[in-house]
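Undergrad:
Residue numbers (this note's numbering): 3 to 190.
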């Protein structure tokens, strides 16, 4: 069967409309490609997330995180790992919080994705992810998940923060997906 390509106007998960070229061999494949395209953010929002995630700096959050839960050996190790990772992204959380209060959908998605990440309190999660690089790709996908309404057939990796909350506390995840930034959020 010959491959087809069609330009389609797609409303992305961020709410922006973009023209994507959909390539497919069958109707089923076309529908899957359209669905995948709708579930991603537009190029402009993706570039914003890349820029925010590359902002240099470190900060301390002006609020306490939930205590780490684990064994006596795991807790100090995981607390140290989480502390370093949170310090590395706290300035980004503060920046996107400010942008999200101005109505930027990419900032709001990233804000919620960062909340899912820093909110994990299981020691095992932090120990297992200690060598994970905090890339814009990872947080872009997490932001897209926070921006869309999930369908029952969604498959999320157990290893992501979003997947962790989806499995362990879906009600909390639902609240995070509705979270609005605090305009008073500042570094301590």
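We put the CB at the ideal spot given by N, CA and C, even for glycine. For clarity, every value in this text was computed on a predicted model and none was experimentally measured.
Within the chosen definition, does the region 44-54 reach the region 65-82 through at least 3 CB pairs nearer than 8 Å?
TA: At 8 Å Cβ cutoff, the stretches do not touch.
Undergrad: Could you please give the first and the last residue of the uninterrupted alpha helix (DSSP H) stretch that includes residue 68?
TA: For the purposes of this step, residue 68 is taken as the residue at position 66 of the chain shown. Here residue 68 belongs to no alpha helix (DSSP H), and DSSP marks it neither H nor E.
Undergrad: For residue 25, name the three-state secondary structure that DSSP assigns.
TA: Residue mapping note: residue 25 aligns to position 23 of the chain shown, counting from 1. In this structure, residue 25 counts as strand in the three-state DSSP scheme.
Undergrad: Below 8 Å, can you find three or more Cβ-Cβ pairs linking the region 94-103 to the region 123-134?
TA: Because the criterion of three Cβ pairs below 8 Å is not met, the region 94-103 and the region 123-134 do not touch.
Undergrad: In the DSSP output, which residue or residues are listed as bridge partners for residue 6?
TA: Position 4 of the chain shown, counted from the start, is the residue given in the question as residue 6. Its beta-bridge partners are 26.
Undergrad: So what's residue 13 in DSSP terms, helix, strand or just coil?
TA: The count along the chain shown starts at 1 and reaches residue 13 at position 11. Residue state, collapsed to three classes: strand.
Undergrad: Check for me: the alpha helix (DSSP H) holding residue 85 runs from which residue to which?
TA: As a position in the chain shown, residue 85 is number 83, starting the count at 1. Where residue 85 is concerned, the enclosing alpha helix (DSSP H) stretches over 76-103.
Undergrad: Go to residue 130, then tell me how far its alpha helix (DSSP H) extends in each direction, as first and last residue.
TA: Residue numbering aside, residue 130 sits at position 128 when the chain shown is read from its first letter. Note, residue 130: alpha helix (DSSP H), 125-130.
Undergrad: Using the Cβ count rule (16 or more neighbours within 10 Å means buried), how would you classify residue 70?
TA: Position 68 of the chain shown, counted from the first residue, corresponds to residue 70. Residue 70 is buried by the Cβ-count criterion.
Undergrad: Around the C-beta of residue 25, are 16 or more other C-beta atoms found within 10 angstroms, so that it is buried, or is it exposed?
TA: Within the chain shown, the letter at position 23 stands for residue 25. When all chains shown are included, residue 25 counts as exposed.
Undergrad: Alpha carbon to alpha carbon, how far is residue 53 from residue 111? Give it in angstroms, no decimals.
TA: Numbered from 1 along the chain shown, position 109 holds the residue referred to as residue 111. Numbered from 1 along the chain shown, position 51 holds the residue referred to as residue 53. Cα to Cα, residue 111 sits roughly 14 Å from residue 53.
Undergrad: Residues in the same chain with beta-carbon distance under 8 Å from residue 36, minus the five sequence neighbours each way, listed in chain order, please.
TA: Position 34 of the chain shown, counted from the first residue, corresponds to residue 36. For residue 36, where only same-chain residues beyond five positions count, the Cβ hits under 8 Å are 10, 12 and 24.
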